[in-house]
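**Q** Numbering (the working numbering), first residue to last: 17 to 543. Note that beta-carbon positions come from the ideal geometry of N, C-alpha and C, so glycine has one too.
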């Protein structure tokens, strides 16, 4: 994770009654590279609420314009979204019951606020979703139960994606099998060439004038049939495949022998693929569960930082989180810096926010729904068993030995090669490269994995140490956590707080002009 070299400068503050200090006083001269500004859930409310008499009509017309774009031959807005953003947003919508705020989706899916907003707008336009506006200007997106079916019926891209994924998996499987088959083909060609070359050499020195040594060829071909090689190298292949199919859920080793050859040489891919998305999901869900106000130490178990006191005192490691979820630094009455995330404080899901009793030992129980710390997986050299790796290494050694012997024979040959030997001589450089790289690549990967896993272990231990410090906090950290819990605020937006819905016509909703004026004045006074 990229680090941002920015620090907070706090002016000297005498002891005063408890109050919140936002970025305007905390950062008098904010740098251009990091500007903290709260993004209102719905522009136009708040201090300028009296200028928003036409807000409802504007909301309605904007959704009508989006709905008008949904017609035969019209563009599907969801197709313009990245596939992972669309899938994660839809999963968050399903988890929240189809009625969400932007903060709900951003926190649960780990998306940036603008990504969540764009995804919700596109999904609502394509699935006949509608908006609800609360009395405080919050916008909620409501989707029908069959919104996935409606979107699938309109989006050709969503119908094609599963086919492309299957095709991609098929190509990857063919590549793995082809590489393993190449080893078997190399061994067959190399040792066939050795026998043919030796037979040809003996026939030339034979005074009886025999040509070609045909008796050797027929016998060799009979015993070294490629099908016989498959059965000899893995006699229980089909039986093992049946057993593995029957215990899919209990046995992770599902490779056949030919696939294990590819796994031995190149490995099985990044075990942490897509883990950054999971990291941001954990961070967003944790902040939401804490009422939108957290201390920097609470997010340390999910970030990549060194386990040193100086690093924690700096607190610049939290800047990527502030930028992603548009957080604001605030200060409590004791001078501790806390961080508030307004968008994650308002939800359409009825959940209780964390209170001050979830500090110390109870912290571990409260975080039961969220992992205590972010943990990376170590890279494995190969997911094959020890016996399979030994068999693959043995075959690779047999191939390498054969290439060396064949190279010596071809080098000492005095006559011009012809027929099969000529073909082998033309592809011999490829056989040498294959035989050499068969061990060179795994050897390089082995040393690389040693360093990579050491770094992963170091980061995991640091995050685990930060998590333990939250389970047994010292006095200063305990007070800081208590202050964060007291300043936490989780607002549930129920149906009783909805003042306008685009699902109904404006004239059907029983809100007259004087009622709106009354609400405007109340909010003006509160501001």
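#1: Looking at residue 486 and residue 313, is the spacing between their C-beta atoms short of 8 Å?
#2: If you draw a straight line from the C-alpha of residue 345 to the C-alpha of residue 356, how long is it?
#3: Which residue from 317, 310, 191 puts its Cα closest to that of residue 276?
#4: How is residue 150 classed by DSSP in three states: helix, strand or coil?
#5: Quick check on this structure: which residue in 511, 185, 91, 495 has the alpha carbon closest to the alpha carbon of residue 349?
#6: According to DSSP, is residue 365 helix, strand or coil?
#7: Enumerate in chain order the residues of its own chain whose CB-to-CB distance from residue 538 is below 7 Å, with the five nearest sequence positions on each side excluded.
#8: Please name the residue in 338, 408, 402 whose C-alpha comes closest to that of residue 278.
#9: To the nearest angstrom, how far is the alpha carbon of residue 196 from that of residue 475?
#10: Could you tell me which whole alpha helix (DSSP H) segments of length 4 or greater appear in the stretch 380-438?
#11: To the nearest angstrom, how far is the alpha carbon of residue 93 from that of residue 450?
#12: Please classify residue 291 as buried or exposed, where buried requires at least 16 neighbouring CB atoms within 10 angstroms.
#13: How many angstroms separate the CA atom of residue 305 from the CA atom of residue 288?
#14: Name the residue from 209, 342, 365 whose alpha carbon lies nearest to the alpha carbon of residue 415.
#15: Assign residue 259 to one of two classes, buried (16 or more other C-beta atoms within 10 Å of its C-beta) or exposed (fewer than that).
#16: Measure the alpha-carbon distance for residue 381 versus residue 388 and round it to whole angstroms.
#17: According to DSSP, is residue 223 helix, strand or coil?
#18: When the distance is taken between beta carbons, is residue 390 closer than 8 Å to residue 317?
#19: In the DSSP assignment, find the alpha helix (DSSP H) that holds residue 156 and state where it starts and stops.
#20: State the CB to CB distance for the pair residue 340 and residue 154, rounded to an integer number of angstroms; the pair is presumed to be in contact (CB under 8 Å).
#21: At the level of alpha carbons, what is the spacing between residue 320 and residue 125?
#22: What does the alpha-carbon distance come out to for the pair residue 504 and residue 310?
#23: Would you identify the three-state DSSP class for residue 444, choosing helix, strand or coil?
#24: Going by DSSP, name the residue or residues bridged to residue 345.
#25: Return the CA-CA distance between residue 108 and residue 300, expressed in angstroms with no decimal places.
#26: By the three-class DSSP mapping on this structure, what secondary structure does residue 540 have?
#27: Alpha carbon to alpha carbon, how far is residue 336 from residue 568? Give it in angstroms, no decimals.
#28: Within 10 angstroms of its Cβ, does residue 463 collect 16 or more other Cβ (buried), or is it exposed?
#29: Suppose contacts are defined by Cβ-Cβ distances below 8 Å. Is residue 331 in contact with residue 353 by that definition?
#30: Spatial neighbours of residue 261 within its chain, please: C-beta separation below 7 Å, excluding the five flanking residues on both sides.
#31: Classify residue 511 as buried or exposed, calling it buried when 16 or more other Cβ atoms lie within 10 Å of its own Cβ.
#32: Would you please state the rounded distance, in angstroms, between the beta carbons of residue 198 and residue 429? I believe it to be under 8 Å.
#33: Could you give the distance in angstroms between the alpha-carbon of residue 145 and the alpha-carbon of residue 116?
#34: Reducing DSSP to helix, strand and coil, say where residue 171 ends up.
#35: Determine the DSSP secondary structure at residue 321, reduced to helix, strand or coil.
#36: Any idea what DSSP makes of residue 197, helix, strand or coil?
**A** A quick look at the data gives this:
#1: yes
#2: 6 Å
#3: 191
#4: strand
#5: 495
#6: coil
#7: none
#8: 408
#9: 36 Å
#10: 402-428
#11: 48 Å
#12: exposed
#13: 25 Å
#14: 209
#15: With a pLDDT of only 45 at residue 259, under the threshold of 50, the placement of this residue in the model should not be trusted, and no figure is reported.
#16: Because residue 381 carries a pLDDT of 45, less than 50, the predicted location of this residue cannot be relied on, and no value is offered for it.
#17: At residue 223 the pLDDT is 43, less than 50, meaning the model places this residue with poor confidence; the figure from the coordinates comes in the next sentence. In this structure, residue 223 counts as coil in the three-state DSSP scheme.
#18: yes
#19: Per DSSP, residue 156 belongs to no alpha helix (DSSP H); it is in the beta strand (DSSP E), 155-158.
#20: In fact, because the Cβ distance is near 20 Å, the residues do not count as touching under 8 Å.
#21: 20 Å
#22: 8 Å
#23: helix
#24: 355
#25: 12 Å
#26: helix
#27: Limits of the chain in this structure are 17 at one end and 543 at the other, which puts residue 568 out of reach.
#28: exposed
#29: yes
#30: Residue placement at residue 261 is flagged as unreliable, the pLDDT there being 39, under the threshold of 50; the coordinate-derived value follows with that caveat. Correct list: empty, nothing qualifies.
#31: exposed
#32: Between residue 429 and residue 198 the Cβ distance is about 25 Å, and since that is not below 8 Å, they are no contact.
#33: 11 Å
#34: coil
#35: coil
#36: helix
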